[in-house]
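Inspection log for the structure reproduced underneath, given as structure tokens.
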Amino acid sequence: MKKFFLTILTTILLGTIVRADEGMWIPALLQRNEAEMQAMGMKITADDIYSINHSSMKDAVVLFGGGCTGELVSDQGLLLTNHHCGYGWIQRHSTVEHDYLTDGFWAMTPEEELACPGLTAVMLKNMVDVTDRVLESITYETSDEDRAEIIKKHIKSIIEEAKKDTEYEVSVESFYIGNQYFLMYNEVFKDVRMVGAPPSNIGKFGGDTDNWVWPRHTGDFSIFRIYVGKDGKPAEYNEENVPYKPDYHFTISLKGVEKDDFTFVFGYPARTNEYLPAVAVDQEANVVYPVVVDLRTQILDIYNKYQEKDAKVRIQYASKHAGLGNGWKKWMGVIEGIRNFKGIDKKLAFEQAYNDWCMQSRSRMKYMHALRDFTPVYEEYEKYRMATTYFTEAGLSIEIIEFAANMAKLSEVTKDTPQEEIDELISELKETSAAFFKDYYQPIDEEVAVTMLTAYRAAQPEDFRPEILNEIDKIFKGDVKAYVDYLFGKTILTSEEKVNKFLDEFKPSKVKKLEKDPAVVAANSMMDFYVENVMAKSRECNAKINNLRRVYMEGQMKMIPERNLYPDANFTLRVTYGKVGGFKPRDAVEYRHFTTLDGIMQKENPDIYDYVVTDRLRELYEAKDFGCYADKDGTMHVAFIAGNHTTGGNSGSPILNAEGKLLGLNFDRTWEGTMSDLIYDPSICKNISVDIRYVLFLIDKYAGCTRLIDEMTIDE
Ligand code: ARG
Ligand code: ASP
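Mapped onto my numbering, the consecutive letters of the sequence shown carry residue numbers 97 to 812.
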């Protein structure tokens, strides 16, 4: 009877762990989900999505620029991704005369498409399960060190062998925390050119204010094109290269979405940690993130204060602000989501059921031990985790310290270092210095230094912190401001002129002088402390944690029918599916599933940078000149939400309808559901996509770049 009860309990609890809408699935194993997807409304087959025997949708999805997803939308290699994914390239091509960030960019002819040296698009050609070979000869008795060695050796030989008969790049990736391994074959395209981007007040409409938030009105897309050699194979940039002819490209649907429509997202999610024990989630959400959020709040407040005062500073700190602000806002959402959703309690309840399951058989004891052993390791780890957090978030947020850490590379130069090596290092540092000073505003950095050093000093115990923090006590009687004044008064690193002079005149005998610079002293003190006292212990804890996680994962895989468990995101191609729909974020509030251009006009405010609307867009809005891109309700739909389980890296991913036609581009998640990387709740975890009809309206009506529309396959 007890056993029966436990089985029931387990089933109920599992229901809270894996539900419909949750999961990022391996495309090569999608057959397992096909029935459920079709029951939810999908009209195509798993084989249409992923096949290695004939062309399929996977041939139209790429890892864009190493961190985002892109999709092919024409037989001429035309590629769509997010504006925030193309941002760096749009910025790099911008000058004062041609400010593409502000004004947008549209290549009206193929000749105007801009080369982006270094930008890649990676396409998965095949993936093969090699678990048996990777784990061959490993048993439960194999020690963790031996296990790591054996796996490394096996992977090396699998890769060497695979390389012999393929032109593709190969790698072996771990899934389910080392319980499954796939050999991946990837084609890497190296000539990817910039074709179009809307102005930032469309592509980044709402800016950091609206980031991670629904309702959203961002036209978050940019356009690129893959070029290949005349033989059709990937090649480095060459004027003679020709547009790539993909085996598959997406057909675009102009039908839009209705509530409860089936959708799926195909892309490259980067990292999730869905199978952590409660003790780990507790540490992340209740110890680490609050500190990071607190530190970043202080920094962002300082940025804001100066950015509001000065237009030049606003631009200088725009990208830094976006970078810090993106994680800052997300982690606030995670903390709150875990609390509201009672995430820790749910994990604990699951662990109870897991323990009960383990107790049912002697052979399951090892799984029980793994779960139990997490607690002491995480307790040990906390000290090192926090030391790392303060080092990176407080110490290295002081820009001059980070810059000094770069300059400190010169310390390795001795009188025996060959001159070419020195020259190379000097020229590298000159580049770093030029980039640093271009976007450096010293008053911000001084204020950041005072707040960050104060926080660092207050949080880390005297016997476990960089020496420099104790010197503030000894020499400056604990007066952080006095120390910061001394630091900025004495260092040569606040002046581009002085830095360049130093670099120009550099010879090995000058290393001593550099090492006495107070910014370099501070940087070295922090780095030395980290390397000597934190790094090795952190790694040791992480190795232990990973081994426990592997066994705990194996236990969960044994306990839960395999079909229901998906591996954490690991930057490999995945499929996730869910239905279109709004949600109830809190009492008395209900979100509709789509936004329109009306909302943009409601948010419009010429005085607030994030909410400026261009005259051209307003004119089109007022004339209701939406062409065939209007919804059947007559309005211009801008964005929509659905229950797809996505994460960072999924930006730019195609969101597709039941027939596999393109509905839009995924670009974000809703703030209430940002905890989905740790624990997923389908009632509040939604992905945000820009409606493809808004994208086409902008390309066609706004920019008049009709040649791009003409090459797409559009289903009206
Ligand atoms: N939150 C989204 C993601 O994590 C979009 C970030 C870019 N947009 C912005 N306003 N910073 O990447
Ligand atoms: N905005 C994220 C990205 O850039 C997507 C997400 O985290 O939902 O990949």
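Built from N, CA and C at the ideal position, the CB exists for glycine as well.
Shown here for residue 544: same chain residues with a beta carbon closer than 7 Å to its own, the five before and five after excluded, namely 395, 398, 493 and 494 in chain order. Relative to ligand 1, the nearest heavy atom lies less than 6 Å away from the CB of residue 418.
Residue 724 counts as exposed, since fewer than 16 other beta carbons sit within 10 angstroms of its beta carbon. In the structure shown, the three-state DSSP call for residue 292 is strand. One thing to note: residue 293 has its Cβ no nearer than 7 Å to the Cβ of residue 223. For residue 764, the CB falls within less than 6 Å of some heavy atom of ligand 1.
Under a 10 Å Cβ-count criterion, residue 179 is classified as buried, with 16 or more other Cβ atoms of the shown protein chains found around its own Cβ.
For residue 246, the uninterrupted alpha helix (DSSP H) run begins and ends at 240–260, by DSSP. Residue 770 sits in a helix when the DSSP states are folded into three classes. For ligand 2, a non-hydrogen atom lies closer than 6 Å to the CB of residue 745. Note on geometry: alpha-carbon atoms of residue 646 and residue 754 lie some 36 Å from one another. Residue 784: member of the beta strand (DSSP E) spanning 783–787, first to last residue. Take residue 141, set aside five residues on each side of it, and the residues of its chain with a beta-carbon closer than 7 Å to its own are 130, in chain order. By the 16-neighbour rule on beta-carbons within 10 angstroms, residue 746 is buried. For residue 234, the number of other beta carbons within 10 angstroms of its own is below 16, and it is reported as exposed. Around the beta carbon of residue 561, 16 or more other beta carbons lie within 10 angstroms, which makes this residue buried.
Around the beta-carbon of residue 296, 16 or more other beta-carbon atoms lie within 10 Å, marking it buried. Comparing alpha-carbon positions, the option among 744, 389 and 781 lying closest to residue 680 turns out to be 781.
Annotation: residue 222 is outside any alpha helix (DSSP H); the continuous beta strand (DSSP E) that includes it extends over 217–225. The nearest non-hydrogen atom of ligand 2 is less than 6 Å from the C-beta of residue 742.
In this structure, residue 434 sits near residue 771, with a CB-CB distance shorter than 7 Å. Within its own chain, the residues whose Cβ lies closer than 6 Å to the Cβ of residue 699, once the five positions on either side in sequence are excluded, are 707, listed in chain order. DSSP, read as helix, strand or coil, puts residue 117 in coil. Annotation: residue 599 to residue 666 spans about 41 Å, alpha carbon to alpha carbon.
Taken from the Cβ of residue 689, every heavy atom of ligand 1 lies 6 Å or farther away. With fewer than 16 other Cβ atoms from the protein chains shown falling within 10 Å of its own Cβ, residue 531 counts as exposed. DSSP, reduced to helix, strand and coil, places residue 177 within a strand of the structure shown.
Per DSSP, residue 207 lies in no beta strand (DSSP E) and is assigned neither H nor E.
The stretch 379–396 makes contact with the stretch 419–429; the number of CB pairs closer than 8 Å reaches 3 or more. At a threshold of 6 Å, residue 427 does not count as near ligand 1, since its beta carbon sits no closer than that to any of the ligand's heavy atoms.
Segment contact: the stretch 361–371 against the stretch 461–481, fewer than three CB-CB distances shorter than 8 Å; contact not assigned.
The way I'd put it, the stretch 731–740 does touch the stretch 686–703; three or more beta-carbon pairs between them come closer than 8 Å. Under DSSP, residue 589 shares a beta bridge with no residue. In its chain, beyond the 5 residues on either side, 630, 633, 634 and 637 have a beta carbon closer than 8 Å to the beta carbon of residue 480. Taking a C-beta distance under 7 Å as the contact criterion, residue 138 and residue 358 qualify as a contact pair. For residue 494, the secondary structure class from DSSP, reduced to helix, strand or coil, is coil.
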